Amino acid sequence: ETGVTQSPTHLIKTRGQQVTLRCSSQSGHNTVSWYQQALGQGPQFIFQYYREEENGRGNFPPRFSGLQFPNYSSELNVNALELDDSALYLCASSLAGRSETQYFGPGTRLLVL
Amino acid sequence: KQEVTQIPAALSVPEGENLVLNCSFTDSAIYNLQWFRQDPGKGLTSLLLIQSSQREQTSGRLNASLDKSSGRSTLYIAASQPGDSATYLCAVNSGNTPLVFGKGTRLSVIA
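Line by line, the protein sequences are chains H and A.
Here the working numbering is used: the first residue of the first sequence is 33, the next is one more, and so on.
Here the working numbering is used: the first residue of the second sequence is 1037, the next is one more, and so on.
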């Protein structure tokens, strides 16, 4: 157990809808990163938040957005859902710093129909 | 751009066998490399983290090595057990993005 929690565990949406996924970071961690893992692939970096500001972004369109709150928990929002957004969404928390270990939550499985 | 490759993509071995999983990366300027285990439909469990200044790390039956100059890492599993069946992911921290992952090796240990 890493102390990182995510909700919900599973979610089914239809194309065009919007979704919000939530992540609570491990106690003391001020950085949260989000990853998308399609079936049979490795996780792909979406973005990272540090002290409530976006601190790096991968190759994802603007309809993927996020927030980090003062308690360092975080949300991932996806607008105008597409079928290819179906994936496991993972969040990871860490301390700030490029060499710090990231601790992953159990993930949210999103299915877009 | 950092790219991570894992070979083989899938591996099936009889129980008790020792095995090696391979990971290669294209940019040797890394901070650390991490091996994860992922059970079907689940999140990632960190197995071993090797800092760029280290050559290997051990935890129980697992040993991970790092050769940064050649861009390679191996995960050695001794005396494999059916409970080791999972997908093993290698991830590299280059500092620019938090982690770059390979696609994983799917391991099946047959009793």
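A virtual CB, placed ideally from N, CA and C, is assigned to each residue, including glycine.
Quick caveat: nothing in here was measured; it's all calculated off a predicted structure.
Which of helix, strand or coil DSSP assigns to L115 (chain H): helix
Beta-carbon spacing of L122 (chain H), G139 (chain H) below 7 Å: yes
DSSP state of D1120 (chain A) mapped onto helix, strand, coil: helix
Sequence-distant residues of its chain with Cβ nearer than 6 Å to L1069 (chain A) (five each side left out): I1086, L1102, S1109 and V1128
Cα-Cα separation between Q73 (chain H) and V51 (chain H), rounded to whole angstroms: 22 Å
Inter-residue Cα distance where the pair is T1094 (chain A) and S1082 (chain A): 13 Å
Rounded C-alpha distance that separates T133 (chain H) from V144 (chain H): 32 Å
Backbone CA spacing between Y1137 (chain A) and V110 (chain H) [nearest angstrom]: Inspection of the sequence shows that residue 1137 (chain A) is occupied by Phe rather than by Tyr. Answer to the nearest angstrom: the Cα atoms are 22 Å apart.
Beta strand (DSSP E) segment containing D1075 (chain A), residue limits: Run containing D1075 (chain A): none; DSSP gives neither H nor E here.
Contacting positions in the region 1053–1087 of chain A - beta carbon closer than 9 Å to chain H: Y1067, N1068, Q1070, F1072, Q1074, G1077, K1078, G1079, L1080, T1081, S1082, L1085 and Q1087
Local conformation of A1147 (chain A) per DSSP, three classes: coil
Residue-level contact to chain H via CB, G1119 (chain A), 7 Å cutoff: no
Under 7 Å by beta carbon: chain A residues contacting S65 (chain H): P1134
Where E132 (chain H) falls: helix, strand or coil (DSSP): coil
Range covered by the beta strand (DSSP E) that runs through P1050 (chain A): A1046 to P1050
Inter-residue spacing [alpha-carbon to alpha-carbon] between G1052 (chain A) and L108 (chain H): 43 Å
Residue span of the beta strand (DSSP E) that contains N1058 (chain A), given as start and end: L1055 to F1061
Contact check, V64 (chain H) vs Q100 (chain H), beta carbons under 7 Å: yes
Within chain H, the residues that K1139 (chain A) reaches when beta carbons sit closer than 8 Å: G72, Q73 and G74
Contact list for the region 121–145 of chain H against chain A, Cβ threshold 8 Å: L122, A124, S126, R130, S131, T133, Q134, Y135, F136, G137, P138, G139 and R141
Under 9 Å by beta carbon: chain H residues contacting T1125 (chain A): In the sequence as presented, Thr is not what sits at residue 1125 (chain A); that position holds Leu. Ordered by position in chain H, the residues that pass the 9 Å Cβ test against L1125 (chain A) are G74 and P75.
Cα-Cα separation, E1039 (chain A) to D116 (chain H): 22 Å
Beta-carbon proximity check, L1057 (chain A) vs Y1124 (chain A), cutoff 7 Å: yes
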